[in-house]
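Visitor: Following this message is one structure expressed as structure tokens.
Number of protein chains: 4
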Amino acid sequence: MGNSFGELFRITTWGESHGGGVGVVIDGCPPRLALTEKDLQPDLARRRPGQSRITTQRQETDAVRILSGTFEGKTLGTPISLLVENTDQRSEAYTEMQTKYRPSHADYTYDAKYGIRAWPGGGRTSARETIGRVAAGAIAKKILKKLFGVEVLACVQQVQKISAEINPDKFTLKQVEANIIRCPHKATAEKMIRLIDRTRKAGDSVGGVLLGVARGVPVGWGEPVFDRLEADLAKAMLSLPASKGFEIGSGFGGIAMKGSEHNDPFRMRGGKVRTTANRSGGVQGGISNGETIYFRTVFKPTATILQSQDTVSAAGKNVKLKARGRHDPCVLPRAVPMVEAMTALVLVDHALRHRAQNGK
Amino acid sequence: MGNSFGELFRITTWGESHGGGVGVVIDGCPPRLALTEKDLQPDLARRRPGQSRITTQRQETDAVRILSGTFEGKTLGTPISLLVENTDQRSEAYTEMQTKYRPSHADYTYDAKYGIRAWPGGGRTSARETIGRVAAGAIAKKILKKLFGVEVLACVQQVQKISAEINPDKFTLKQVEANIIRCPHKATAEKMIRLIDRTRKAGDSVGGVLLGVARGVPVGWGEPVFDRLEADLAKAMLSLPASKGFEIGSGFGGIAMKGSEHNDPFRMRGGKVRTTANRSGGVQGGISNGETIYFRTVFKPTATILQSQDTVSAAGKNVKLKARGRHDPCVLPRAVPMVEAMTALVLVDHALRHRAQNGK
Amino acid sequence: MGNSFGELFRITTWGESHGGGVGVVIDGCPPRLALTEKDLQPDLARRRPGQSRITTQRQETDAVRILSGTFEGKTLGTPISLLVENTDQRSEAYTEMQTKYRPSHADYTYDAKYGIRAWPGGGRTSARETIGRVAAGAIAKKILKKLFGVEVLACVQQVQKISAEINPDKFTLKQVEANIIRCPHKATAEKMIRLIDRTRKAGDSVGGVLLGVARGVPVGWGEPVFDRLEADLAKAMLSLPASKGFEIGSGFGGIAMKGSEHNDPFRMRGGKVRTTANRSGGVQGGISNGETIYFRTVFKPTATILQSQDTVSAAGKNVKLKARGRHDPCVLPRAVPMVEAMTALVLVDHALRHRAQNGK
Amino acid sequence: MGNSFGELFRITTWGESHGGGVGVVIDGCPPRLALTEKDLQPDLARRRPGQSRITTQRQETDAVRILSGTFEGKTLGTPISLLVENTDQRSEAYTEMQTKYRPSHADYTYDAKYGIRAWPGGGRTSARETIGRVAAGAIAKKILKKLFGVEVLACVQQVQKISAEINPDKFTLKQVEANIIRCPHKATAEKMIRLIDRTRKAGDSVGGVLLGVARGVPVGWGEPVFDRLEADLAKAMLSLPASKGFEIGSGFGGIAMKGSEHNDPFRMRGGKVRTTANRSGGVQGGISNGETIYFRTVFKPTATILQSQDTVSAAGKNVKLKARGRHDPCVLPRAVPMVEAMTALVLVDHALRHRAQNGK
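Protein chains in written order, with the working numbering: chain A, 150 to 509; chain B, 150 to 509; chain C, 150 to 509; chain D, 150 to 509.
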């Protein structure tokens with residue numbers, strides 16, 4: 150259970166790191182949308198390992214095939230099935246994982262829950278699972294842009310203690326893609342990269358914070374009471390592996406203020422109801438208010454490191470484990486397309502719900 | 150849409166602040182559980198306005214009636230319908246709200262979304278909606294305790310910048326209930342109360358952070374990939390009115406560490422696989438690992454204040470709005486039972502899912 | 150579980166025959182629809198016991214209250230909670246039911262499933278549960294008529310072996326309501342009533358067939374593959390107590406024909422694609438084709454009879470049971486509004502799904 | 150939407166007749182079940198075209214691959230993704246279908262609903278979609294047998310007017326598989342086959358009735374109110390292409406009886422509560438009562454025939470259409486594994502729901 154996300158635009162991901170492949174089925178995509186593999190491959194390239202020296206060096210090409218749901222380059226309104234076959238299957242690199250639980254990984258909890266575990270490459274717990282999300286998210290982003298004029302974008306805002314000031318309304322995809330850490334603030338990006346380089350050489354890892362935004366969302370998306378936009382976004386972000394927190398608008402920082410300082414005043418502007426500040430993060434009462442939606446999500450330092458660690462074996466013995474070979478010193482740049490994908494999936498679902506209720 | 154929460158233990162809340170009442174229907178409660186109104190009333194008392202000088206002074210008794218789902222004091226396995234009638238309906242206190250949008254409230258977004266709005270008391274956006282959650286949560290807490298030996302508890306950890314050190318494994322309900330701010334650290338509680346008193350007299354408000362814990366959760370609850378425990382908890386918390394963020398375990402603070410510092414080492418203890426630290430917050434890979442689950446959620450300063458604010462009217466004019474009468478300087482102590490309720494609802498749902506898959 | 154129906158127009162019924170009352174919560178009703186109790190009471194009157202000599206003589210007034218979801222006579226887009234309090238609670242009439250399982254009732258299966266049973270009046274298995282459906286169905290019918298120009302109607306077509314020829318395109322509500330059996334063919338209705346009168350005096354009961362229709366459904370409603378219109382209608386009908394079968398269009402009778410005889414030829418008529426026969430029953434490939442949707446559902450003879458029957462006791466002894474007092478010789482006329490309600494609930498849900506996908 | 154079935158054992162099918170393939174994702178399969186392609190291929194062979202002279206002669210091998218969800222021959226508890234690649238893609242055989250709507254097919258309704266249609270082979274409306282169901286059903290049948298001791302079986306009971314007496318408690322898989330029509334009554338089977346042979350040579354088609362049974366279902370499965378076992382079975386059957394009706398137990402025939410004749414008396418037998426007749430069809434109040442569950446579902450005569458028919462073109466002209474080449478004179482024997490699959494999917498879902506609520 151738990152492998153589906155969304156109500157009206159519903160994705161179901163499947164696949165282990167070692168096996169036939171990984172993929173996703175998307176149910177609820179509107180018909181007559183132009184769609185080919187070329188729409189999906191760019192985001193998969195942003196997600197794939199081996200894209201730069203600061204991420205894991207596993208080589209995966211992640212070529213996606215559309216198996217169903219399109220005809221002559223257009224969506225049919227039927228389920229879209231996407232497949233990425235597994236290729237880099239060096240399971241010998243994981244032999245020690247068969248008998249020892251990696252600290253702060255899911256090896257132990259999977260074993261306890263299911264009584265069985267696909268240990269090579271982490272099986273279902275591998276980040277390869279996010280391939281399906283990113284591919285589906287690319288479709289969701291295209292729908293948002295074409296049908297609703299909404300732009301979804303994410304970037305790396307902070308690595309360890311190195312943080313950039315970023316205006317949610319203004320940074321561009323081009324700026325994000327201009328460097329390998331995907332921080333749109335060039336000088337900060339360079340500092341981040343130097344830190345990661347040092348960490349990588351020590352066989353260690355860092356965490357950080359991503360900023361996600363959605364621009365151009367019309368007033369009225371979001372369903373109170375439980376399916377508030379920010380609630381669904383929070384779930385979406387916390388469903389990403391390694392994420393440990395979420396905040397929207399002023400977030401945890403907002404409590405430094407009193408109510409009189411924190412409230413966003415309304416003013417008419419260009420004939421529209423607007424707010425003169427955006428501490429609400431574009432959402433009020435769970436419903437979009439027409440301002441830019443922005444939020445932050447935190448990723449812990451990657452668990453796999455090349456240092457010896459205390460752990461236990463599946464047989465219940467205290468042992469040492471030292472991962473060998475490749476590790477991922479910083480998952481953040483690869484997480485950028487994941488954050489965009491999950492954001493887009495939440496928004497397109499709410500866009501369709503809004504159409505159901507309002508007929509437009 | 151969006152008024153239901155949970156899959157196997159599913160609640161549906163309903164009701165506006167002014168109208169016949171508010172309530173909840175609970176579908177999926179196991180049969181043969183002892184249950185009367187007396188099980189529900191204590192948490193409703195912890196939630197209700199007027200309970201102390203530092204919260205809103207509206208007087209609501211919130212007496213709950215069980216309309217269905219029990220027979221001779223035991224649950225039937227059929228839907229439990231709970232009703233709290235509305236009593237304190239002084240809608241004249243809200244007249245100005247009919248024509249002016251309260252800043253950082255949901256008046257404007259509701260109007261834009263639905264084209265109609267129950268303006269007295271905020272209608273569906275009123276915190277009275279949480280009565281249904283708290284009552285259902287009391288049932289969920291009882292199930293967790295009786296059937297699974299799990300204890301759910303929450304408290305106030307921080308008010309504005311005043312913060313308490315609290316050990317998630319150790320604070321007690323008695324400590325929480327010992328003061329009106331519901332912070333188990335007595336000295337800090339007193340500082341918090343003094344701050345709120347000052348703020349209240351200025352007609353202003355404060356926000357803060359709540360800590361939620363679940364103790365005794367067995368290994369194996371939680372459904373990867375999307376319905377991870379932490380993802381469902383994040384959604385649950387962000388679905389509460391005024392909440393702006395969520396973090397589990399080390400959360401946003403965890404990124405100050407490197408992976409080698411952040412990982413939780415495994416060690417055998419008492420014949421069980423345990424971790425010697427708990428930066429994971431009791432969840433790994435979306436699945437409980439047997440350690441205490443703990444998380445923090447932030448509530449912004451209450452939006453209703455007794456000061457003049459810039460806003461717009463429903464007719465599209467720039468106007469001033471100054472709320473009169475009662476306001477809620479600090480919603481945090483009343484949010485404690487809400488956080489407990491939502492936590493318990495998430496956990497009991499996952500407990501039942503686990504039983505479905507594992508037969509126990 | 151299992152007390153909700155629908156995805157986008159979702160109802161949740163609750164209540165036992167003896168207890169606080171019965172009711173329903175409706176989530177997903179579009180906003181700004183005129184709605185008061187007067188819209189609901191007529192169908193509840195068609196459903197209630199005691200309405201004529203040929204149904205059960207229990208006296209229930211079934212006065213409904215709208216507890217939430219409307220403001221100044223219009224829907225808010227928030228959940229609509231409806232309550233009918235229980236009044237006629239003569240539980241002593243059911244004393245024998247406490248210890249003996251009524252044949253072909255749900256007493257035994259409930260006891261086995263839940264380990265507890267609200268025996269007075271049948272508890273949750275009472276037909277009072279359908280009050281919530283009928284009230285919600287009245288709202289669904291109103292939405293279909295006002296927003297989509299669709300008319301839903303049902304009638305009694307057959308009682309035991311007495312059957313009427315009825316054209317699905319032509320019979321009217323006025324004809325249906327012209328007699329107590331709700332068969333629009335007057336002469337057949339009289340025969341049916343005479344048969345029921347004889348049966349009633351013998352303390353026995355009859356079953357029969359209802360015809361349900363939906364006129365004016367536009368082309369394109371229905372979701373292949375699993376949520377075909379006919380599949381959802383079949384589930385809706387079989388969810389009614391005492392129903393044992395469903396057929397759409399030619400149904401079981403269609404197999405007397407060869408494919409060349411059974412296919413519905415297409416022809417252009419009035420600029421539209423139409424069929425010159427309607428053995429499909431208005432649905433092709435799970436999707437409405439613009440013709441009248443019609444189907445039949447069968448109700449078994451009512452299980453409660455005033456004759457001595459073999460059964461077993463809760464203690465596991467072979468015993469005799471003879472119901473006393475009132476029984477229901479023919480549930481069919483009261484089932485007419487139930488069939489209409491379930492049909493309308495299915496259709497309004499698909500109407501909203503169609504809007505979600507097509508934006509109109 | 151609408152391409153998923155089930156709550157706790159949830160399948161999502163995808164695929165068009167011409168494209169990359171067809172498949173299914175199964176979420177909720179219990180872990181540690183032995184499973185390889187060999188478990189799935191036999192039922193796919195019973196479903197595939199070209200298996201005998203009385204069905205369509207298209208040659209499809211339908212070799213299935215398990216892409217995920219198993220490890221070393223055992224299920225992991227993660228999603229099982231199954232793929233059958235498309236091979237026999239002679240789309241030129243369907244050229245006329247590009248511009249003319251086949252009568253009583255879904256060509257027209259799909260075009261109207263989606264504004265686009267994968268015309269080769271019928272696209273998503275092709276019976277190839279049922280491959281995913283049958284493969285998932287084979288897994289469901291295995292779970293039912295291994296974990297719960299339940300046997301699911303179906304057969305052909307009637308072709309046009311030729312009908313067999315079949316005892317739901319007694320016929321065997323071996324008898325069903327003994328002839329190409331899959332009717333366990335040998336003499337009747339021969340008559341059926343002769344009729345189909347004649348019909349086939351005339352380029353025409355026949356319909357008929359299938360009998361489905363589930364033996365050994367324990368007391369207590371099924372969820373009142375809406376998710377009754379018979380309601381979910383009815384939906385399951387009506388979701389199959391070409392099915393037009395469903396009846397459980399006495400079904401439409403039951404109304405010839407009075408209540409005193411129709412009720413199933415309870416008697417103690419072997420220390421258990423049993424019924425001495427089974428007109429209820431093994432279900433009372435939506436819940437299994439421990440007797441054999443049996444039901445019948447009707448399939449209309451196959452729509453594709455080799456005779457000239459009136460229809461309209463996509464351009465809105467009245468035209469003639471005569472299908473060429475291969476047609477399917479009788480879909481019934483191939484529908485047998487489909488009925489078994491859908492039955493098993495319903496039952497395994499309810500088995501898991503029962504475990505959720507009762508812990509066993």
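From the three backbone atoms N, C-alpha and C, an ideal C-beta is built for every residue, glycine too.
Note that the structure is a prediction, hence the values are computed from the model and not measured.
Would G408(B) and R428(B) be called neighbours here (beta carbons separated by less than 7 Å)?
Guide: Result no, Cβ atoms of G408(B) and R428(B) do not sit closer than 7 Å.
Visitor: Pull the bridge partners of Y250(A) from the DSSP assignment, please.
Guide: In DSSP, Y250(A) forms no bridge with anything.
Visitor: Cutting at 6 Å between CB atoms, please list the residues of its own chain near L160(A), excluding the five before and the five after it.
Guide: Correcting the residue type first, residue 160(A) is Ile in the shown sequence and not Leu. Here the set comprises F154, V173, I175, A285.
Visitor: Give, in chain order, every unbroken run of the beta strand (DSSP E) that is at least 3 residues long and sits entirely within the segment 151 to 198 of chain A.
Guide: Fully enclosed beta strand (DSSP E) runs of 3 or longer: 159 to 164, 170 to 176.
Visitor: Give the straight-line distance between the Cα atoms of E234(D) and I288(D), rounded to the nearest whole angstrom.
Guide: Rounded to the nearest angstrom, the two C-alpha atoms are 19 Å apart.
Visitor: Please list the terminal residues of the continuous alpha helix (DSSP H) segment that includes S409(B).
Guide: 408 to 411 is the extent of the alpha helix (DSSP H) around S409(B).
Visitor: Does chain A have any CB closer than 7 Å to the CB of G403(C)?
Guide: Chain A contact via Cβ: absent.
Visitor: Within 10 Å of its beta-carbon, does R377(A) have 16 or more other beta-carbons around it, so buried, or fewer, so exposed?
Guide: Buried: at least 16 other Cβ atoms inside 10 Å.
Visitor: With a threshold of 7 Å between beta carbons, is S253(C) in contact with chain D?
Guide: True, the Cβ-Cβ gap to chain D drops below 7 Å.
Visitor: Starting from the C-beta of D260(C), find all residues in its chain whose C-beta is less than 8 Å away, skip the five residues before and the five after it, and write them out in chain order.
Guide: Closer than 8 Å at the Cβ level, and outside the excluded window around D260(C), lie Y250, R266, A463.
Visitor: Which chain A residues sit within Cβ distance under 8 Å of K291(C)?
Guide: Result: empty, since nearest Cβ-Cβ is about 16 Å, beyond 8 Å.
Visitor: Please report how far the alpha carbon of L216(B) lies from the alpha carbon of H167(C), in whole angstroms.
Guide: Rounded to the nearest angstrom, the two C-alpha atoms are 10 Å apart.
Visitor: Tell me which same chain residues have a C-beta within less than 6 Å of the C-beta of T279(B), skipping the five on either side of it?
Guide: If we look at T279(B) and ignore the five residues flanking it on each side, its Cβ neighbours are M487.
Visitor: Let me know the secondary structure DSSP gives L359(D) once reduced to three states.
Guide: Strand, per DSSP.
Visitor: If the criterion is Cβ atoms closer than 7 Å, does the pair G402(C) and K393(D) meet it?
Guide: Result no, Cβ atoms of G402(C) and K393(D) do not sit closer than 7 Å.
Visitor: Would the beta-carbon of T441(A) fall within 7 Å of that of V362(A)?
Guide: Their beta carbons are under 7 Å apart, which means T441(A) touches V362(A) by this criterion.
Visitor: For G177(D), which option in L387(D), L494(D), R273(D), Q506(D) has the closest C-alpha, if you only look at C-alpha atoms?
Guide: Comparing Cα-Cα distances from G177(D) to each of L387(D), L494(D), R273(D), Q506(D), the minimum goes to L494(D).
Visitor: On the three-state DSSP scale, how would you describe F297(C)?
Guide: Helix at F297(C).
Visitor: Quick one: what's got a C-beta closer than 8 Å to K471(D)'s C-beta in the same chain, skipping five residues either side?
Guide: Closer than 8 Å at the Cβ level, and outside the excluded window around K471(D), lie L455, Q456, S457, Q458.
Visitor: Got a sec: is the Cβ-Cβ distance from A505(C) to anything in chain A below 7 Å?
Guide: For A505(C), the answer is yes, since a Cβ of chain A falls inside 7 Å of its Cβ.
Visitor: Using 7 Å as the limit for Cβ to Cβ distance, is M491(B) near chain A?
Guide: For M491(B), the answer is no, since every Cβ of chain A falls outside 7 Å of its Cβ.
Visitor: Closest Cβ-Cβ distance between G508(B) and chain D: below 7 Å?
Guide: So, interface residue.
Visitor: If we call anything under 7 Å between Cβ atoms a contact, is R349(B) one with P478(B)?
Guide: Their beta carbons are under 7 Å apart, which means R349(B) touches P478(B) by this criterion.
Visitor: Ends of the alpha helix (DSSP H) at G507(B)?
Guide: In the sequence as presented, Gly is not what sits at residue 507(B); that position holds Asn. Here the alpha helix (DSSP H) through N507(B) covers 481 to 507.
Visitor: To the nearest whole angstrom, what separates the beta carbons of L344(A) and V308(A), a pair I think is in contact under 8 Å?
Guide: Going by Cβ atoms, the distance from L344(A) to V308(A) rounds to 6 Å, so yes, they are a contact pair.
Visitor: Just the chain A side, please: which residues come within less than 8 Å of R159(C) by C-beta, in chain order?
Guide: Neighbours of R159(C) on chain A: none; closest Cβ ~11 Å, over 8 Å.
Visitor: Which first and last residues belong to the alpha helix (DSSP H) in which E339(D) is found?
Guide: Start and end: 335 to 350.
Visitor: Report the rounded CA-to-CA distance for L189(C) versus G170(C), giving the unit in angstroms.
Guide: One C-alpha to the other measures close to 17 Å.
Visitor: Looking only at its own chain, which residues have a Cβ that is under 8 Å from the Cβ of L225(C), when we skip the five neighbours before and after it?
Guide: Result list for L225(C): P180, G218, T219, in chain order.
Visitor: Does Q506(B) pass the burial test, meaning 16 or more other C-beta atoms within 10 Å, or should it be called exposed?
Guide: Label assigned to Q506(B): buried.
Visitor: Comparing the C-beta of H334(A) with each C-beta of chain B, is any distance below 7 Å?
Guide: Chain B contact via Cβ: absent.
Visitor: For K291(D) and L182(D), which I take to be in contact (beta-carbon distance under 8 Å), what is that distance rounded to the nearest angstrom?
Guide: Yes, K291(D) and L182(D) are in contact; Cβ-Cβ is about 7 Å, under 8 Å.
Visitor: At a CB-CB cut-off below 8 Å, which residues of chain C make contact with N414(D)?
Guide: Checking the sequence shown, residue 414(D) turns out to be Pro, not Asn. Within 8 Å Cβ-Cβ: P252, Q458, D459, T460.
Visitor: For P390(D), count neighbouring Cβ atoms within 10 angstroms of its own Cβ and tell me buried if that reaches 16, exposed if not.
Guide: So P390(D) ends up on the buried side.
Visitor: Check each candidate in L296(D), G508(D), G264(D), T460(D) and name the one with the smallest Cα separation from H503(C).
Guide: Taking only the C-alpha atoms, the option nearest H503(C) is G264(D).
Visitor: Quick check: what's the CA-CA separation for I311(A) versus T337(A)?
Guide: I311(A) and T337(A): Cα-Cα distance of roughly 7 Å.
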